[in-house]
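Using this note's numbering, the final residue of the sequence shown is 318, and nothing's skipped along the way. What follows is a single structure, written as structure tokens, with notes after it.
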Amino acid sequence: MKQLELQLKEKLLIVEVPEHADMDCPFEILPNKGFKYLVFSQCKGNIISRFKMPDGDWKFICKGSELTEEIADNLVEMGDKEPINDRFISGFKDYYTEKLDGTVIYSELTSIQSFISAIEAQGWFWVKNDLTDSILAPDIDEWQEAESKTFELEKTLIFKFQ
């Protein structure tokens, strides 16, 4: 199971469940022997699959495919006014630029773009790995590593720490 913890407005957990998990099945977080598991079950109550969650109390926000600007607004930081070309704008934080050079910038990114910039700042990819579009074909190991850090929307769940 792929997972990434982010500290944005709140502590978030992004999880991509493996291929065999049926995202149409109901799921819940259940305790077992001191750990918490993300459990997928059928309507008759049979456990289909379960995945160990990181420590903490996590609340489900949405699937990756259901992420909207309204939801993302509550996840990422919005700045006051930043001067850009002698004008001032309000905007969402560009986490990727901050990671590169330490400069905190609030730009004209949408809240979803800001959310994606936070994922990319950690060396991960949202939906498509950048090496796929490389002019020079990456070697297979590099590409596989990038794929292992790429979240597929339909298999991704977003949680916040309570």
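Every residue gets a Cβ at the ideal spot worked out from N, C-alpha and C, and that includes glycine.
Does asparagine 230 pass the burial test, meaning 16 or more other C-beta atoms within 10 Å, or should it be called exposed? Taking the first residue of the sequence shown as position 1, residue 230 is located at position 74. Classification of asparagine 230: exposed, given that the 10 Å Cβ count is below 16.
DSSP puts cysteine 218 in a beta bridge; with which residues? Sequence index remark: in the sequence shown, residue 218 carries index 62 (1-based). Beta bridge pairing from DSSP links cysteine 218 with Ile314.
Enclosing alpha helix (DSSP H) for isoleucine 296 [first to last residue]: Sequence index remark: in the sequence shown, residue 296 carries index 140 (1-based). Unbroken alpha helix (DSSP H) run through isoleucine 296: 296-303.
Between Glu226, Ile272 and Lys208, which has its C-alpha nearest isoleucine 187's C-alpha? Taking the first residue of the sequence shown as position 1, residue 187 is located at position 31. One point to set straight first is that residue 187 is proline, not isoleucine, in the sequence displayed. Cα-wise, what sits closest to proline 187 is Lys208.
If you draw a straight line from the C-alpha of serine 263 to the C-alpha of glutamine 163, how long is it? Taking the first residue of the sequence shown as position 1, residue 263 is located at position 107. Taking the first residue of the sequence shown as position 1, residue 163 is located at position 7. In a straight line, the C-alpha of serine 263 is about 19 Å away from that of glutamine 163.
Best match in Trp280, Gly235, Ile185 and Thr224 for proximity to phenylalanine 216 [C-alpha to C-alpha]: The residue labelled residue 216 in the question sits at position 60 within the sequence shown. For phenylalanine 216, the nearest C-alpha among the options comes from Ile185.
To which residues does DSSP link methionine 234 through a beta bridge? Counting from 1 along the sequence shown, the entry for residue 234 is found at position 78. Paired residues: Phe248.
Take isoleucine 268 and list the residues in its own chain whose beta-carbon comes closer than 7 Å to its own, dropping the five residues that flank it on each side. Translated into positions along the sequence shown, residue 268 becomes position 112. The answer, listed in chain order, is Leu223, Glu225 and Ala228.
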